[in-house]
Each structure stands twice: as structure tokens, then as C-alpha cells.
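Position 296 of the sequence shown, counting from 1, maps to 790 under the working numbering, and the rest follow consecutively. Down below is the structure, laid out as C-alpha cells.
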Amino acid sequence: MNKISKKLAAYFIISFLVLESVLMMYLHQNIVHTRVDEEYSRLLASGSNHRNVLIDYYSDETITHIVLMEIEGDRGVVITGKSGEIIRSSDTKLENLLPSLEFLQDSANQNDRIIKQDWKDSPYIISAHPYKIDENNSGYVLMFQSSEPIERLVQKLNFHFGLAGGAIIVILFVIYTILSKFLTRPLIRMKEATEKLSEGKFDVSLPIGGNDELGELSIAIRKLANDLEKMKKERNEFLASISHELSTPLTYLIGYLKVAMRHDLTEEERNSYLMIIAEESNRMKDLVKNLMDLAKMDERAFVVTKENTSSEKFAKDIYRLVEPSFALKNVNLNLICKDDFSIHADPVRLEQVVLNLLDNALKYSNENTTVRFEISKVQNQTVISIADEGIGIPEEQIDMIFEKLFRVEKSRSRTFGGSGLGLAIVKELVEAHGGSIEVKSEFGKGSRFTIKI
Ligand code: ADP
């Protein structure tokens, strides 16, 4: 048996038994009290009946008649006289159980009453009924009811209650078995599934549960398994891409180094090879730096310190910085910043984002085209858009350009430089600001990147 079903059974059975015991005790006491009260009323009714007959027809014959009526069965009667002497009794052994005359008179107002009601400890319950015919003829009709029938009833009740209690425990056990099967089996399967996940086996098969919490848990575990599998695949692909990214320039480096070391080279030739080596080394340095930046972003190990910056100043500073490179390639950079408003963002990170996008726009634009760099405020949001008339992105690849190390065509990196990490970094930075980035592009016609912060 497993622990959870044991716990469940213990809680369930204990609470049910406590409830059942309280209810049964209440019912038991109620039945006994009702029965005892009935006995009291019957005894009082018979006693007062005999007393009334005695008052109405007081004679020796009447007394004999009353005694005869109670001679059989569980009841008995004793009739006493003025000084407490016994006039007649239905059973001589009752005479020893008589209370003293002082007790009868002392505690009496002269009403009919039960004078001994302790049926548990005494063999009889007793009622007293005073009568008075005249000064000389008075006394008590004392009625006796044997406690035995009540005790028999209690014994019977105990037996039946015990039987019912036993039956309830058996039923509880059956319910527990069914419950534990239906409730704990899915839990155990989910535990086994998570254990499999922790061992790196992602092919968990969990039944589609109902609409309850267990069903939701089962869905969550299956989703976790899929996500983990996807992450593992992505990590392997990423590692493969990185190795490739690093091994290609390294192969070039080694090749050019070997060539540069040859003795038969002129100074000029050696220098040109060394220039290539320096360029490739720088590319590798940039790649590693970008990878480290991304790793930090993935762990959220960088802070975004938002502050208010003037939109005009922000845009013009960037324009001044990049315009010479655009002019060099003969690409027109158009800055559109109609109003000056305040941007609430981390200026250093936001500048990194915009520079990255402008760098791409320039990289993928042909000569004599225009790049529009627009900054505006729409519904309390800063909107920055960078649109170029460059080579564009094929439609089916647009969704992938924000993935790490993704490039539309591997050959593009050789032609244009770049490592496929720029947009992944941009996306992380924009999302760290709580903002969003979207792209619209037409292959061969141009692309527009829009950031909303
Ligand atoms: P890279 O450093 O290679 O430019 P990015 O992550 O910045 O890497 O971009 C990923 C890919 O998206 C690029 O390789 C390029 O093919 C494509 N891309 C990005 N920006 C543009 C653009 N403005 N025009 C056309 N293609 C673009």
C-alpha cells in the first residue's frame, strides 16, 4: 500500500468513525430516555388510577382487587397506611425496598411522583401516590416497575448498534478501496511520469484526465514533458550551431596563419593575410561577446534601469552616431521625430536595440535606397520603427529571425557579416522593458521593424 492512500484512508475513516460514534451515541441515549420516560408515565398512570379507585371505593375488597391486578408481570404494588405500615403488597420482597415514611412525607408535596428512578443501579423504579380517605385512613399506593425490561432493551440496542457500527466499518473499507483506486492511481502514475522526466525520458504517457485538478495536473505534466523535450532539442541545435560558428572562422584562421608563416611571402602579402586574421579574430570576439550577453539575458542577470529621456535628444544622438556609416554606403537615413516627448526606458539598452536594428537595415540595404527611422508616441506608448528598402525576408522565415543564431541564408553572413544573434538580443531587451517587437517584410522590397515600449 502506498503512503497517500494510507493517509487518505486514515483521515477518511477516523473522521467518519468520530461522526458515526457521536451520532450513534446520541441516538442510543435518545431511544433509552424515551423508553424510560414511557415507563415512568405508565407507572405514574397506573399508580394514580389505583389510588383514585381506592379513594372512590375504599374497602378491603378494593385493596385486594388492586393488589391482584399487579400480582403478575414486571410490576408490583404496595399499599401503606397512615403510619407507614404495610396494608397489602403484591410481592413480599417488595416490602424490603420501601422508602421510609419520613422520606415519603418529607420530600412530599402530596403529588404523584417517581421517587426512585435510578434503573441502572436499582432493581425497581418506584412511584408514590398519596391517598387520604379520612383522618384515620390515609397512606400511599407505591408502584414498582422492574428495571429488567429497560436493561434488556439497552442490551438489545447495544447489540444492534454494534452490528450497525461493524457494518459501517466494512462499508467504509470498501469505499476506501474504491476511492484509493480511483484517486491515488492517477497520482502514482503522475509521480512515475515526473520521475521519468527527471531521468531525461520525455515520452511520458498519461491518460487524459477529467475536468478536475487531477486532469489539470496531468495536462501540466504532459506540457512540461513536451517543453523539456523541445528545450533539450533546441539546446543541442544551439550547441551544434555554436560549434559550427566557431569552427568555421577557426579553420580560416589556422589556414591563413599557415600561409602567413610561409617564408616566400612578400611583406605586403603577409600583411594582407594578417589583416584577414585580425578581422576573423574580431568576428569571433564579437560572437562570443554576444553569446555571453544572451546567456546573461536568459538568466535575467541584467537590470533594466528605466528613466525619462527626451525622445528628440535620444533619436538625434543615435542619428549623429550612425549617419556617417549610412553616407559611406550611400544609403539615405531619414529621421522622423515630430514631437519631443519623454521616453520611459533604460536609455543604454534602448540605444543598443535601435543601433542593432539600424545596423541590420544598413547591412541589408542596397545603395541609393532610404531607411526611415521614426519615433512617436501612440496611446502613452513609445513607438520606434525602422523601415528599409533592402533585400527583405522570405515570408516563411519571418517567424524565425528572432531565434538565436538564425540567419535567412547562411551565405548572407559571409556577404554581410553578422552572427544571427542581433535580433535575439533585441527581442530579449525589448521584452525586459515589458514591450513588444514586430516585423513586416516583403522579400526583395524591404522590411519594417516596430518596437512598442
Ligand atoms: P545578423 O547578425 O546575422 O544580422 P540578426 O539576428 O540581426 O543576425 O538577424 C537575423 C537574420 O534576419 C539575418 O541573418 C538576416 O537574414 C535577417 N534580417 C534581419 N534584419 C533584416 C533586414 N532589415 N532586412 C533583411 N533581412 C534582415
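Here a beta-carbon is modelled for each residue, glycine too, at the ideal position from N, C-alpha and C. As the structure is a prediction and not an experimental result, all values here were calculated from the model.
Practice problem: Using the Cα positions of Gly-884 and Gly-940, report the straight-line distance between them to the nearest angstrom. | Solution: 4 Å
Practice problem: Go ahead and pull the three-state DSSP assignment for Ile-573. | Solution: strand
Self-check item: Beta-carbon contacts of Val-698 that lie in its chain and below 6 Å, excluding the five residues immediately before and after
Solution: Ala-687, Lys-690 and Ala-719
Exercise. Compute the Euclidean distance between the alpha carbons of Tyr-750 and Asn-776, then round it to the nearest angstrom.
Key: 15 Å
Practice problem: Please determine if the stretch 703-717 and the stretch 725-736 are in contact, where contact requires at least 3 C-beta pairs separated by less than 8 Å. | Solution: no
Quiz prompt | One or two residues paired with Val-933 in a DSSP bridge | solution = Phe-943
Quiz item: What first and last residue would you give for the beta strand (DSSP E) that runs through Gln-639?
Solution: 632-640
Practice problem: Tell whether a beta-carbon distance below 8 Å holds between Val-572 and His-544. | Solution: no
Practice problem: Tell whether a beta-carbon distance below 8 Å holds between Ile-931 and Thr-876. | Solution: no
Quiz item: Is DSSP giving Thr-742 helix, strand or coil here?
Solution: helix
Quiz item: Which value, in whole angstroms, describes the spacing of the CA atoms of Ile-770 and Leu-744?
Solution: 12 Å
Quiz item: Nearest to Gly-578 by CA position, among Ile-549, Pro-624, Trp-613 and Ala-809, is which residue?
Solution: Pro-624
Self-check item: Expected contact under 8 Å - CB spacing of Val-530 and Leu-651 to nearest Å
Solution: Contact flag wrong, Cβ pair sits at about 12 Å.
Quiz prompt | Cα-Cα separation between Met-495 and Gln-611, rounded to whole angstroms | solution = Since pLDDT at Met-495 reaches only 49, below the 50 mark, its modelled position is unreliable, and the value read off the structure follows with that caveat. When rounded, the distance between both Cα atoms is 53 Å.
Quiz prompt | Distance, Asn-784 Cα to Gly-916 Cα | solution = 8 Å
Exercise. Would you mind listing the alpha helix (DSSP H) stretches within the stretch 523-611 that are 4+ residues and don't spill past its ends, in chain order?
Key: 554-563, 586-589 and 595-600
Quiz item: Quick one: what does DSSP say Arg-866 is sitting in, helix, strand or coil?
Solution: strand
Quiz item: Buried or exposed: Gln-639, going by 16 or more other Cβ atoms within 10 Å of its Cβ?
Solution: buried
Quiz item: DSSP three-state call for Leu-915: helix, strand or coil?
Solution: coil
Exercise. Check whether the Cβ of Ala-855 lies closer than 7 Å to any heavy atom of the ligand ADP, and answer yes or no.
Key: yes
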